[in-house]
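K.L.:
Here the protein sequences come in this chain order: S and Z.
Taken in order, the first sequence gives residues 1 to 351; the numbers are from full-length UniProt numbering.
Taken in order, the second sequence gives residues 1 to 351; the numbers are from full-length UniProt numbering.
From the three backbone atoms N, C-alpha and C, an ideal C-beta is built for every residue, glycine too.
In this text, all values refer to a predicted model and were calculated from it rather than measured experimentally.
Protein chains: 2
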Amino acid sequence: MQTRSRITMADVAREAGVSTATVSFVLNNTKAVTPAVQARVEAAVQALGYRPSHAAQALRTGRSLALGLIIPDLTNPFFPKLAQDIEQEARTRGYAVLLADSHDDPALQQEHLGTLAQRGVDVLLVVPAVGTDDTLTADVPLIAIDRAAGDTPLVHSDKRQGGQIAAQHLLDLGHREFAVLAGPSRHGGVGERVRGMLGTLERAGVPVRKGRIYESDYSLLAGREGARHLLQTAPGFTALLAANDTLALGALSALTEAGITVPGQVSLVGFDDIPWSALSAPSLTTVRQDTRQMARQAIELALQTVNAPQVAPLPVGTTLTVRGSTAPVTTPGPLPPGPLPDPGHRPLENA
Amino acid sequence: MQTRSRITMADVAREAGVSTATVSFVLNNTKAVTPAVQARVEAAVQALGYRPSHAAQALRTGRSLALGLIIPDLTNPFFPKLAQDIEQEARTRGYAVLLADSHDDPALQQEHLGTLAQRGVDVLLVVPAVGTDDTLTADVPLIAIDRAAGDTPLVHSDKRQGGQIAAQHLLDLGHREFAVLAGPSRHGGVGERVRGMLGTLERAGVPVRKGRIYESDYSLLAGREGARHLLQTAPGFTALLAANDTLALGALSALTEAGITVPGQVSLVGFDDIPWSALSAPSLTTVRQDTRQMARQAIELALQTVNAPQVAPLPVGTTLTVRGSTAPVTTPGPLPPGPLPDPGHRPLENA
DNA sequence: TTGAAAGCGTTACCAT
DNA sequence: ATGGTAACGCTTTCAA
Numbered sequence: 001m002q003t004r005s006r007i008t009m010a011d012v013a014r015e016a017g018v019s020t021a022t023v024s025f026v027l028n029n030t031k032a033v034t035p036a037v038q039a040r041v042e043a044a045v046q047a048l049g050y051r052p053s054h055a056a057q058a059l060r061t062g063r064s065l066a067l068g069l070i071i072p073d074l075t076n077p078f079f080p081k082l083a084q085d086i087e088q089e090a091r092t093r094g095y096a097v098l099l100a101d102s103h104d105d106p107a108l109q110q111e112h113l114g115t116l117a118q119r120g121v122d123v124l125l126v127v128p129a130v131g132t133d134d135t136l137t138a139d140v141p142l143i144a145i146d147r148a149a150g151d152t153p154l155v156h157s158d159k160r161q162g163g164q165i166a167a168q169h170l171l172d173l174g175h176r177e178f179a180v181l182a183g184p185s186r187h188g189g190v191g192e193r194v195r196g197m198l199g200t201l202e203r204a205g206v207p208v209r210k211g212r213i214y215e216s217d218y219s220l221l222a223g224r225e226g227a228r229h230l231l232q233t234a235p236g237f238t239a240l241l242a243a244n245d246t247l248a249l250g251a252l253s254a255l256t257e258a259g260i261t262v263p264g265q266v267s268l269v270g271f272d273d274i275p276w277s278a279l280s281a282p283s284l285t286t287v288r289q290d291t292r293q294m295a296r297q298a299i300e301l302a303l304q305t306v307n308a309p310q311v312a313p314l315p316v317g318t319t320l321t322v323r324g325s326t327a328p329v330t331t332p333g334p335l336p337p338g339p340l341p342d343p344g345h346r347p348l349e350n351a
Numbered sequence: 001m002q003t004r005s006r007i008t009m010a011d012v013a014r015e016a017g018v019s020t021a022t023v024s025f026v027l028n029n030t031k032a033v034t035p036a037v038q039a040r041v042e043a044a045v046q047a048l049g050y051r052p053s054h055a056a057q058a059l060r061t062g063r064s065l066a067l068g069l070i071i072p073d074l075t076n077p078f079f080p081k082l083a084q085d086i087e088q089e090a091r092t093r094g095y096a097v098l099l100a101d102s103h104d105d106p107a108l109q110q111e112h113l114g115t116l117a118q119r120g121v122d123v124l125l126v127v128p129a130v131g132t133d134d135t136l137t138a139d140v141p142l143i144a145i146d147r148a149a150g151d152t153p154l155v156h157s158d159k160r161q162g163g164q165i166a167a168q169h170l171l172d173l174g175h176r177e178f179a180v181l182a183g184p185s186r187h188g189g190v191g192e193r194v195r196g197m198l199g200t201l202e203r204a205g206v207p208v209r210k211g212r213i214y215e216s217d218y219s220l221l222a223g224r225e226g227a228r229h230l231l232q233t234a235p236g237f238t239a240l241l242a243a244n245d246t247l248a249l250g251a252l253s254a255l256t257e258a259g260i261t262v263p264g265q266v267s268l269v270g271f272d273d274i275p276w277s278a279l280s281a282p283s284l285t286t287v288r289q290d291t292r293q294m295a296r297q298a299i300e301l302a303l304q305t306v307n308a309p310q311v312a313p314l315p316v317g318t319t320l321t322v323r324g325s326t327a328p329v330t331t332p333g334p335l336p337p338g339p340l341p342d343p344g345h346r347p348l349e350n351a
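Put into structure tokens, the structure is as follows:
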């Protein structure tokens with residue numbers, strides 16, 4: 001069936017009794033054409049089952065109608081959702097997505113940047129790998145998503161705001177003893193989310209001391225280890241803020257294992273609202289990022305960039321999803337009074 | 001910087017003082033060339049920073065060195081891992097991956113099949129959407145992964161075997177009262193995994209009755225609902241087999257919520273060994289699929305198919321990862337004697 | 001061993 | 001309103 005050689009525009013032209021130019025015109029309605037001719041051409045296209053050659057189009061126009069997407073780790077549940085949304089959004093605009101996974105490795109990311117660019121993608125969307133040195137470059141326009149990289153145009157949600165509402169939620173519940181699972185440090189500091197959290201807490205008069213901040217990667221395992229570590233070296237916190245849901249869920253498993261009840265003894269807030277977060281026990285209070293909106297902005301910006309200079313979009317807002325992992329600090333269990341309202345704080349021992 | 005127009009092979013040829021043909025020959029070492037010339041060409045390539053135009057190559061050779069990958073749902077944690085492995089495996093062979101998500105919708109899948117084929121991918125790898133009617137077709141060679149679709153060449157792990165070892169594990173622990181979360185029914189029946197489970201149980205003399213088999217999709221939510229449903233309508237089982245980890249983890253949350261201890265009162269086994277399974281509480285005993293191996297086979301088969309007729313590879317083996325969610329039936333809690341060794345079975349009531 | 005030149009299937013300019 | 005035709009950048013046959 002599919003062994004017969006390709007049907008070309010010339011075939012269609014012949015069948016319709018017109019020139020290839022005319023066929024091209026009607027196909028792309030790039031120039032006015034008599035209704036009669038139009039109909040003949042369309043009929044011919046139908047009859048022959050003509051499909052334009054993408055390669056030829058790309059060669060001729062210099063546009064591949066493909067975009068590259070470089071993700072740090074498809075195994076981190078936040079990214080599949082993002083990738084899904086980007087793919088969908090791209091498709092509705094006629095773009096296909098070339099996917100690459102950098103495994104959070106800047107070197108591999110660099111390789112991807114090169115190969116995808118050479119492959120002729122019109123634009124590259126990249127969620128920069130964690131160790132990315134500030135200069136992200138390629139031979140095609142670049143858009144950063146979610147994480148900043150130098151002055152690459154960035155589409156992201158307002159993570160600082162997200163961190164703020166997470167912290168504020170816990171403050172509102174009366175918590176005063178905080179610990180933080182910070183994820184990896186970026187640019188020699190802590191990420192925006194955590195910055196938002198810490199800033200809010202400081203302004204509220206309950207700064208988090210260094211020993212209560214655990215830096216690591218974003219993995220489930222890191223969440224476990226981080227929670228264990230915090231429990232051992234700096235117990236007494238009643239609220240735990242995690243830089244993402246993966247960390248939070250890892251922490252949840254460690255806490256539970258250590259016999260700490262959530263939210264009874266420790267309230268826990270995550271970030272991202274990945275699917276699992278709704279179904280953990282307890283379900284996870286978390287900051288939701290609007291991946292759909294991010295995807296839309298990214299594609300928008302990308303396509304603009306392909307044609308004209310771009311305008312940086314506003315950060316996407318985040319919202320707090322309050323679920324079962326957070327509770328007022330006045331719940332059964334040792335109640336360490338906040339340092340401000342009440343001195344004489346007594347650490348919470350595991351059990 | 002990148003505004004200067006493309007460096008073509010002609011530029012290189014001129015710089016090296018040779019013809020484009022020669023340049024092509026050295027670049028693809030497709031024909032013998034004098035070392036001297038070779039060196040000159042290479043130098044010119046370096047000097048000019050020449051990058052071949054992929055579009056031109058594709059047009060000329062009819063090969064895009066790209067493959068399409070259609071995934072049913074990137075949000076299901078099993079697939080990102082598979083996609084990652086496929087992308088990696090493809091890349092090492094010089095292939096790029098065009099990703100599409102069918103959202104488990106046959107219609108959308110069909111659309112993808114069309115667009116990707118027209119986009120000129122050399123071959124399409126597809127994990128068929130659940131409702132896929134048996135005839136999966138496209139204008140390019142097709143490889144099915146993980147799920148069968150008509151007589152499309154299939155790469156998959158031996159799911160029946162996986163189901164067998166899962167069931168056998170529970171039998172070995174002494175369980176006799178089984179329930180099954182079966183996932184969606186395919187081709188008017190239950191999937192291979194479940195078939196493997198049920199077959200094994202039947203052969204052991206402990207057939208599972210209809211009311212103990214819950215069909216649904218593969219989601220976390222379905223796992224929850226399924227477990228709840230089974231608990232209400234057909235309590236008394238001590239062992240629960242799930243068609244995948246997502247279902248199992250959903251079930252775990254429902255069981256826990258219902259006050260049923262795992263593995264104390266009910267042993268639970270999943271399928272896939274997704275990352276979360278190691279970190280749930282309790283951790284999940286599950287059947288691991290070797291995605292790496294599947295990816296390798298798929299790419300191998302795909303590339304063969306692009307050139308010559310293919311030979312179907314053997315199903316990839318699965319292995320059981322025993323973790324914390326399974327225990328001998330002789331654990332604290334009501335002990336329903338197996339029907340064969342011991343009649344007079346007493347159902348387990350929740351609590 | 002190297003080069004000239006004919007395409008691959010489109011698009012788009014320039015005529016008509 | 002249409003058609004002829006020259007590119008687009010590469011591979012590959014055929015000659016030299």
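Would you mind listing the alpha helix (DSSP H) stretches within the UniProt domain "HTH lacI-type" (7-61) of chain Z that are 4+ residues and don't spill past its ends, in chain order?
P.N.:
Fully enclosed alpha helix (DSSP H) runs of 4 or longer: 9-16, 20-27, 35-48 and 54-61.
K.L.:
Below 8 angstroms on the Cβ atoms is my contact criterion, and I expect residue 440 of chain S with W276 of chain Z to pass it. Report the Cβ-Cβ distance as a whole number of Å.
P.N.:
This structure gives no information on residue 440 of chain S, because the portion of chain S shown stretches from 1 to 351.
K.L.:
How many Å lie between D273 of chain S and R288 of chain S at the Cα?
P.N.:
About 5 angstroms.
K.L.:
Comparing the C-beta of D11 of chain S with each C-beta of chain Z, is any distance below 9 angstroms?
P.N.:
Not one chain Z Cβ lies under 9 angstroms of D11 of chain S.
K.L.:
From T305 of chain Z to I143 of chain Z, what does the alpha carbon distance come to, in whole angstroms?
P.N.:
So the two alpha carbons sit approximately 9 angstroms from each other.
K.L.:
Cβ of K31 of chain S less than 9 angstroms from any chain Z Cβ?
P.N.:
So, not an interface residue.
K.L.:
When you compare each of Z:T92, Z:V97, Z:D122 and Z:V127 to F79 of chain Z by their alpha carbons, which one comes out closest?
P.N.:
The option with the nearest alpha carbon to F79 of chain Z is Z:V127.
K.L.:
With a floor of 4 residues, list each alpha helix (DSSP H) that falls wholly inside the stretch 59-105 of chain Z, ordered by position along the chain.
P.N.:
Correct list: 78-92.
K.L.:
Alpha helix (DSSP H) containing A295 of chain Z: first to last residue?
P.N.:
Note, A295 of chain Z: alpha helix (DSSP H), T291 to N307.
K.L.:
Can you find a CB in chain S that lies within less than 9 angstroms of the CB of P106 of chain Z?
P.N.:
So no, P106 of chain Z is outside the interface.
K.L.:
Under 7 angstroms between beta-carbons, which chain S residues line up against G250 of chain Z? List them in chain order, please.
P.N.:
Within chain S, the residues near G250 of chain Z are L279.
K.L.:
So if DSSP puts S216 of chain S in a beta bridge, which residue, or which two residues, is it bridged to?
P.N.:
S216 of chain S pairs with nothing; no bridge assigned.
K.L.:
By DSSP, does S5 of chain Z sit in helix, in strand, or in coil?
P.N.:
The answer is coil: DSSP assigns S5 of chain Z none of H, G, I, E or B.
K.L.:
Less than 9 angstroms between the beta carbons of G236 of chain S and M197 of chain S, yes or no?
P.N.:
It is not a contact, given that the beta carbons lie outside the stated cut-off.
K.L.:
Checking contacts by CB at 9 angstroms: is A227 of chain Z closer than that to chain S?
P.N.:
No, no contact with chain S.
K.L.:
Bridge partners of A144 of chain S, per DSSP?
P.N.:
A144 of chain S is bridged to S:V126 and S:L154.
K.L.:
Does the beta carbon of S24 of chain Z come closer than 9 angstroms to any beta carbon on chain S?
P.N.:
No, S24 of chain Z lies away from the interface with chain S (no Cβ there is under 9 angstroms from its Cβ).
K.L.:
Can you name the residues that DSSP bridges to L181 of chain S?
P.N.:
According to DSSP, L181 of chain S bridges with S:Y214 and S:A242.
K.L.:
Cβ of S64 of chain S less than 9 angstroms from any chain Z Cβ?
P.N.:
Yes, because at least one Cβ of chain Z sits closer than 9 angstroms to the Cβ of S64 of chain S.
K.L.:
If you run the structure through DSSP and keep just helix, strand and coil, what is R288 of chain S?
P.N.:
Looking at R288 of chain S - three-state DSSP - the assignment turns out to be strand.
K.L.:
Does the Cβ-Cβ distance between L125 of chain Z and A117 of chain Z come in under 9 angstroms?
P.N.:
Their beta carbons are not under 9 angstroms apart, which means L125 of chain Z does not touch A117 of chain Z by this criterion.
K.L.:
Return no unless some Cβ of chain Z is closer than 9 angstroms to the Cβ of H169 of chain S.
P.N.:
For H169 of chain S, the answer is no, since every Cβ of chain Z falls outside 9 angstroms of its Cβ.
K.L.:
Taking CB distances under 9 angstroms as the criterion, tell me whether E89 of chain S reaches chain Z.
P.N.:
Not one chain Z Cβ lies under 9 angstroms of E89 of chain S.
K.L.:
Would R119 of chain Z pass as an interface residue toward chain S - the criterion being a Cβ-Cβ separation below 9 angstroms?
P.N.:
Yes, its Cβ sits closer than 9 angstroms to a Cβ of chain S.
K.L.:
Which two residues bound the contiguous alpha helix (DSSP H) that contains V194 of chain Z?
P.N.:
Element bounds for V194 of chain Z: E192 to R203.
K.L.:
Could you tell me whether any Cβ in chain S is nearer than 9 angstroms to the Cβ of F271 of chain Z?
P.N.:
Answer no: the Cβ-Cβ gap between F271 of chain Z and chain S never drops below 9 angstroms.
K.L.:
Exposed or buried, which one is T286 of chain S when buried takes at least 16 other CB atoms within 10 Å?
P.N.:
T286 of chain S comes out buried.
K.L.:
So which residues on chain S does T291 of chain Z lean against when the C-beta distance must stay under 7 angstroms?
P.N.:
Simply none; closest approach about 11 angstroms.
K.L.:
Using CA atoms only, rank isn't needed, just tell me which of Z:V41, Z:A90, Z:I213 and Z:H229 is closest to A258 of chain Z.
P.N.:
When only C-alpha atoms are compared, the closest one is Z:H229.
K.L.:
Do L268 of chain Z and Y214 of chain Z have their C-beta atoms closer together than 9 angstroms?
P.N.:
The answer is no: Cβ separation not under 9 angstroms.
K.L.:
Using 8 angstroms for Cβ pairs, my map puts I70 of chain S next to Q109 of chain S. What's the rounded Cβ distance?
P.N.:
Contact holds; Cβ gap of about 6 angstroms.
K.L.:
Please report the distance separating the alpha-carbon of G223 of chain Z from that of G270 of chain Z.
P.N.:
Rounded to whole angstroms, G223 of chain Z to G270 of chain Z spans 11 angstroms at the Cα level.
K.L.:
Just mark S19 of chain Z as buried or exposed, buried being the case when its beta carbon has 16 or more other beta carbons within 10 Å.
P.N.:
So S19 of chain Z counts as exposed.
K.L.:
Quick check: the Cα distance between A166 of chain Z and R195 of chain Z, rounded to an integer number of angstroms?
P.N.:
Approximately 12 angstroms between the Cα atoms of the pair.
K.L.:
Assign D273 of chain S to one of three DSSP states: helix, strand, or coil.
P.N.:
Looking at D273 of chain S - three-state DSSP - the assignment turns out to be coil, as it is neither helix nor strand.
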